Each structure stands twice: as structure tokens, then as C-alpha cells.
Amino acid sequence: MSSPLQVGFVGFGMSARTFHAPFLALIPGYRLHTAWERHGPQAPALYPGIRSVQDPRDLFDNPEIDLIVVTTPNTTHAEYAAWALRSGKHVVLEKPFTISTGDAVVLEDLAQAQGKVLAVFHNRRYVSDFLTVRQVLAGQPLGPVHEYEAHYDRYRPEAKPNAWREEPLEGSGILYDLGPHLIDQAFCLFGLPQSLYADVRLQRAHARAVDYFDLQLYYPGLKVILKGGMLVREPGPKYMIHGLDGSFIKYGDDPQEPILRAGGKPLGPGWGEEDPAHYGLLHTKKAGEVIYESVPSLPGNYGLFYQDLYATLREGAPLKTTPAHGYNTVRLIELALESSSRQAVVDATGLREVAYP
Numbered sequence: 315m316s317s318p319l320q321v322g323f324v325g326f327g328m329s330a331r332t333f334h335a336p337f338l339a340l341i342p343g344y345r346l347h348t349a350w351e352r353h354g355p356q357a358p359a360l361y362p363g364i365r366s367v368q369d370p371r372d373l374f375d376n377p378e379i380d381l382i383v384v385t386t387p388n389t390t391h392a393e394y395a396a397w398a399l400r401s402g403k404h405v406v407l408e409k410p411f412t413i414s415t416g417d418a419v420v421l422e423d424l425a426q427a428q429g430k431v432l433a434v435f436h437n438r439r440y441v442s443d444f445l446t447v448r449q450v451l452a453g454q455p456l457g458p459v460h461e462y463e464a465h466y467d468r469y470r471p472e473a474k475p476n477a478w479r480e481e482p483l484e485g486s487g488i489l490y491d492l493g494p495h496l497i498d499q500a501f502c503l504f505g506l507p508q509s510l511y512a513d514v515r516l517q518r519a520h521a522r523a524v525d526y527f528d529l530q531l532y533y534p535g536l537k538v539i540l541k542g543g544m545l546v547r548e549p550g551p552k553y554m555i556h557g558l559d560g561s562f563i564k565y566g567d568d569p570q571e572p573i574l575r576a577g578g579k580p581l582g583p584g585w586g587e588e589d590p591a592h593y594g595l596l597h598t599k600k601a602g603e604v605i606y607e608s609v610p611s612l613p614g615n616y617g618l619f620y621q622d623l624y625a626t627l628r629e630g631a632p633l634k635t636t637p638a639h640g641y642n643t644v645r646l647i648e649l650a651l652e653s654s655s656r657q658a659v660v661d662a663t664g665l666r667e668v669a670y671p
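In C-alpha cells, the structure reads:
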């Protein structure tokens, strides 16, 4: 058997503690090795086998480390990913991949030149609600789909103290934070749009970074609506999908994140299973009979991202979350900002025609 892949972390804040380390610690093909923590050692208290260092060279220059996970603020993604690649490491880069397509191209070229894998952490491909939506659409009970609407909403009327995402920095705000999840999901389901219109705003009186977006992506015969906001106290459906033959409506969100944030571990049967109260509703007609039924949700599992990555690194399987996918997400955000600024529909230029899993 191959020896475990030794994993290093750039930053060990909420993202690393919630979305990455709990799964990497349990998957046999990985071992937590080192975390670069600028504000003192916290990782060893959670994972006694991991080293904590305050000099980044102790991470990047360590020949034992195979894979580096970058979970730092968006403005530093390109810098630290490039440093890791030049150090001969494979890299997992949190979304958004970068804050500009120019940086995305530089990283992609560097990974290719170094012969290393560069994966973007689009973990919302591995959540209960999206997996269920994908399964429903694959079965085609709705007929040709003409409208798809997905939301990623929160209720946070006051600014979160010391939150870099709320600062007026390039790459801050929820379009870069939550938008990549919805955009990547839409690309996985429908491919690339022909054009788009966006309404991007600062809704709250104190807001200094984008806290609302409404993206409308136009395909032949299909309109995709992606929305996110910080003033949604009572959420509506997470997904609303309408086709020629029927509709699918889905409330609720994948249960993994709140459990992990509270310190839970992804252990045992039942992980990632939704409360049946959040199962989606399918209303359609088949063989002359009206169908109005609850659709059990598939279980989510962020760990599948790292299982897929292990298959790429150790077995040569194709990478499922590629730099081109990250590039397309960032390019769509750039186009959305242009559309909102001009208050006009814009062509979806500059997107790459690449396969989505």
C-alpha cells in the first residue's frame, strides 16, 4: 500500500477546522503533518499528531509534505498557492480559486510547469441538497427545464466583528464568498451560459462589501437565477426548478456544516443525512397520473472531495475540481460585476468550454 499523503495547512482557522481537517484526519490515505499558524498553536490541541509552525518556510520547505491546503483570505490565495507549487507540493485551494482570472491563469500555468495537481475546493458539489437536485434532474421527471433558481441566504443584519469578508477589499463580500458555490453548481448541471445579467449591491446601511447578489444566466430555453443575501430572516426554498412537465421545490440546507462548526466529527452511519422535514417536493405527471411526492435526500459528504483527490494523486484518476473550473467561476463573477455596473445584459465571454463532472 502507498504511504499516506502528508498534508500541510496554510492557516488553521474556521475553514481548515470545519471543512478540511476533520475529513483528512479520518481518510486512511492522508496524514495531518504541519499547520502554519501565525497567531499561535491551535491545531495540536485538536489533532495531537500535527505540528504547528510560525515560520512559513517550515511548511513550504519541508520535503516530507506532499499536499498543501490553502485556507487563508481571498487576497492571499494566489500568493500562497504559487509558493506551494514552486516548493513542489500539490495544492488544494479554497474557493474562490483566485480574485481575478489573470491570477487563475498564472496558477494554472505554474501547476502544469511544476507537474503538480492544483485542485479548487468546490465542496458544495458534495452536499445533500445539490446531490439530490442532480439526481432528480438526471431522472427527467420535470421534462425540459425552463427555470432553475437557487439561493444561498443568511440573516446577518450587523457586521461580523473583525471579518475580512466584510472589509472593502478586492475579493471580499458574498459574491466571492457564497457566489462560487451556486455558480459552480449551475455549471455542473447546465454547462456555460450564453449571456447574463447581474444586480450586485450593498444592502445594509453599514455594508462596505457586497452583501447581496442576483445573477441571471441565460441559456437556450433556460433561465438560471442565483441569489444570495444577508437580510433573509425567513428563508424560502433553497431550490425551485420548473420544467415542461413538473416542478421540484427544496427547502433546507445540508446538515454537515453546523455539526462540524460545533466540533462534531464525520463519523458513523447517518453522516450527512437530512431531516426528512427538508426533503424536496416533486410535483409532476407520469403516464397520465399526477405525482405529488416527497423525494428523500441523498446524504452529503464533504469527504468525497478528498477521496476523489486521493484517486487522482495516487491512482491517476482525472481531477474532478480543476483549475479551469475555478477560472470559470471567477470569470463569471467578473462578468457579473461588469453587468451590474452597466445595468445591462452582457455576453458570457471568456469562459472556457471544459467538461464538468
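Letter 183 of the sequence shown, counting from 1, is numbered 497 in our numbering, and no numbers are missing. Using N, Cα and C, we set each Cβ at its ideal position, and we do this for glycine too. Because the structure is a prediction, the values reported are computed rather than measured.
Around the Cβ of Ile605, are there at least 16 other Cβ atoms within 10 angstroms (buried) or fewer (exposed)? exposed
Can you tell me which of Pro377, Glu408, Arg371 and Thr412 puts its alpha carbon nearest to the alpha carbon of Trp397? Arg371
Evaluate Gly354 with the Cβ neighbour count: other Cβ atoms within 10 Å of its Cβ, from every protein chain shown; 16 or more gives buried, anything less gives exposed. exposed
Residue range of the beta strand (DSSP E) that Ser366 falls in? Arg365 to Val367
Between Gln570 and Gly586, which are expected to be in contact by the criterion C-beta below 8 Å, what is the C-beta distance as a whole number of angstroms? Confirmed, about 6 Å.
Given a cut-off of 8 Å on the beta-carbon distance, is the pair Asp498 and Arg439 in contact? yes
Return helix, strand or coil for Gly543, following the three-state DSSP convention. strand
Based on Cα-Cα distance, which residue from His639, Leu545, Arg656 and Phe435 lies nearest to Val419? His639
If Gly617 and Pro671 are in contact, beta carbons under 8 Å, what's the gap, nearest whole angstrom? About 16 Å separates the two Cβ atoms, so there is no contact after all.
Report buried or exposed for Val524, applying the criterion of at least 16 other Cβ atoms within 10 angstroms of its Cβ. buried
Under three-state DSSP, which class holds Gly453? helix
In the DSSP assignment, the alpha helix (DSSP H) including Glu607 goes from what residue to what residue? Under the DSSP assignment, Glu607 falls outside any alpha helix (DSSP H), being part of the beta strand (DSSP E) whose first and last residues are Glu603 to Val609.
Inter-stretch contact at 8 Å, needing at least 3 Cβ pairs: the region 502-515 / the region 634-650: Yes, the region 502-515 is in contact with the region 634-650.
DSSP-derived helix/strand/coil call for Phe333: Residue state, collapsed to three classes: helix.
Count Cβ pairs between the region 403-410 and the region 454-461 that sit closer than 8 Å; are there 3 or more? no
What's the gap between the Cα of Leu596 and the Cα of Asp443? 14 Å
Looking at the structure shown, is His404 part of a helix, part of a strand, or coil, going by DSSP? strand
Please name the residue in Ala392, Leu421 and Gly566 whose C-alpha comes closest to that of Asp589. Put simply, of Ala392, Leu421 and Gly566 the residue whose alpha carbon is nearest the alpha carbon of Asp589 is Gly566.
Please state whether DSSP places Glu463 in a helix, a strand or coil. strand
What residue from Leu574, Thr385 and Leu529 has the CA that sits closest to Ile325's CA? Here residue 325 turns out to be Gly, not Ile, going by the sequence shown. Comparing Cα-Cα distances from Gly325 to each of Leu574, Thr385 and Leu529, the minimum goes to Thr385.
Which class does Phe619 belong to by DSSP, given the choice of helix, strand or coil? Helix.
What is the rounded straight-line gap between the Cα of Pro482 and the Cα of Arg522? 5 Å
Three or more C-beta pairs closer than 8 Å, one from the region 526-545 and one from the region 490-508: is that the case here? yes
Using DSSP's beta-bridge definition, name the partner residues of Phe323. Ala349 and Val383
Please return the same chain residues whose Cβ sits closer than 7 Å to the Cβ of Ala339, not counting the five positions on each side in sequence. Leu346 and Tyr361
Between the region 444-452 and the region 551-562, do three or more beta carbon pairs fall short of 8 Å? yes
Exposure of Arg645, with buried meaning 16 or more beta-carbon neighbours within 10 Å: buried
In chain order, which beta strand (DSSP E) runs of at least 3 residues are fully inside the region 626-664? Whole beta strand (DSSP E) segments, 3+ residues: zero.
Do Val321 and Tyr344 come within 8 Å of each other at the CB atom, strictly closer than that value? yes
Rounded C-beta distance between Gly493 and Gly542? I'm assuming under 8 Å. 6 Å
Could you pull the DSSP bridge partners for Phe501 from this structure? Phe501 pairs with nothing; no bridge assigned.
Would DSSP call Asp528 helix, strand or coil? strand
For Asp423, does the count of other Cβ atoms within 10 angstroms reach 16, so buried, or fall short, so exposed? exposed
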